[in-house]
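Undergrad:
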Amino acid sequence: MLFSSYDKKQIFVREWAEVNEPVGVVQIAHGMNEYAARYDKFARRLNELGYIVVADDHRGHGDTDPDTPGYAEGDMFTDTLKDMAGIAMHFREKYAGIRYVLFGFSYGSFLTQAFIERYSRLLDGAIIAGSSRQNAAAVRFGLCAAKLGCSFKGEDAPAAFVNKAVFGGYDRKIGEGEFAWLSTDGENNARYREDPLCNFVCSNNFFRSFFKGLSGLYKAKNAAGLDKGLPLLLISGEDDPVGGKKGVERLAAFYKKQGVRDVTVHLIQSSRHEFLNEREHFEEAFAEISAFLRRVNVRSKKQ
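Read in order, the letters of the sequence shown correspond to residues 1 to 303 in full-length UniProt numbering.
(1) Taking alanine 252 and leucine 234 to be in contact with their CB atoms under 8 Å, please state how far apart those CB atoms are, rounded to whole angstroms.
(2) Just to confirm, is the Cβ distance from alanine 129 to phenylalanine 103 under 8 Å?
(3) Between the Cα of isoleucine 11 and those of Gly70, Ala55, Gly149 and Gly169, spot the shortest distance and give me the residue it belongs to.
(4) Comparing C-alpha positions only, which one of Arg279, Asn188, Met76 and Lys219 sits nearest to residue 305?
(5) Can you give the Cα-Cα distance for lysine 302 and asparagine 20, rounded to whole angstroms?
(6) Please report the residue range of the alpha helix (DSSP H) in which histidine 90 lies.
(7) Can you tell which of Val260, Ser236, Gly237 and Ala159 has the C-alpha that lies nearest to the C-alpha of lysine 147?
(8) Is the CB-CB distance between phenylalanine 207 and valine 162 below 8 Å?
(9) What number of angstroms, rounded off, separates the C-alpha of asparagine 222 from the C-alpha of serine 120?
(10) Report the rounded CA-to-CA distance for arginine 261 versus aspartate 227, giving the unit in angstroms.
(11) So, under 8 Å CB-CB, leucine 111 and leucine 81 are touching, yes? Tell me the CB distance rounded to an integer number of Å.
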């Protein structure tokens, strides 16, 4: 379906609804350089547990902006947050009376971090996957570089320097070649490399808005709007260069310091970034996510 967002932008939304008696809704926020359909296996497994699944293709991604991958006008990070909030309100109304959980992966996990500070009233739980607490100095450097790129190359130009600085660093940490940081599954990495809706360089405007959005995170005044009773699951591969063990633990510590009462951390041993696309790690990840969803349902019924 096409969802008309707050500014009339048409956002492509995919819905997996082959469920007889829904027990909840899971909204997926996908990562950078990918799109909602890559979560088909995960969504169908959630359907089997009774969960409706919805996922948009974010601005500059997938079928929302197929002709300009990596670019859209405006503040892409903030606009995408507003898209996600509008989609959540739409499906909460459509499926009223059942639990609603946001699952954010990678770029989507940072959107989720910002979402729960602004819109946690729309959620019964949140899963922050493939994430970390980002280093403030790295965020400032990225924002400065992206602003310079916008000024000298143009907002819609590919951010080659920033892209190499970010993803080249991930490749070096793993040391097995381009895209090996994504997963331990070589076939998955090859499919990603060959997919034009994945293998592109995001624009200077994308990175400027992304780093601007990150610069607002991890501040007590912004986290004041976070529902301290919202259950959170932080799940990542232990060998994920985006955050790994230390980055996830720093993020968990931040939420606990803000007074969030229910924070669960699960690190998947020997897993990298896309644990849902690793054959040897999918079942462990799915079991943990399923247990969290069941706990959210039970907790909500008791309240």
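Ideal placement from N, C-alpha and C gives every residue a C-beta, glycine not left out. Since the structure is predicted, the reported quantities are computational estimates derived from the model, not experimental observations.
TA: Once the coordinates are examined:
(1) That pair is a contact at about 5 Å.
(2) yes
(3) Ala55
(4) Residue 305 lies beyond the range of the chain shown here (1 to 303); nothing can be said about it.
(5) Here lysine 302 scores only 43 on pLDDT, less than 50, and its place in the model is too uncertain to base an answer on.
(6) 76–94
(7) When only C-alpha atoms are compared, the closest one is Ala159.
(8) yes
(9) 12 Å
(10) 10 Å
(11) 6 Å
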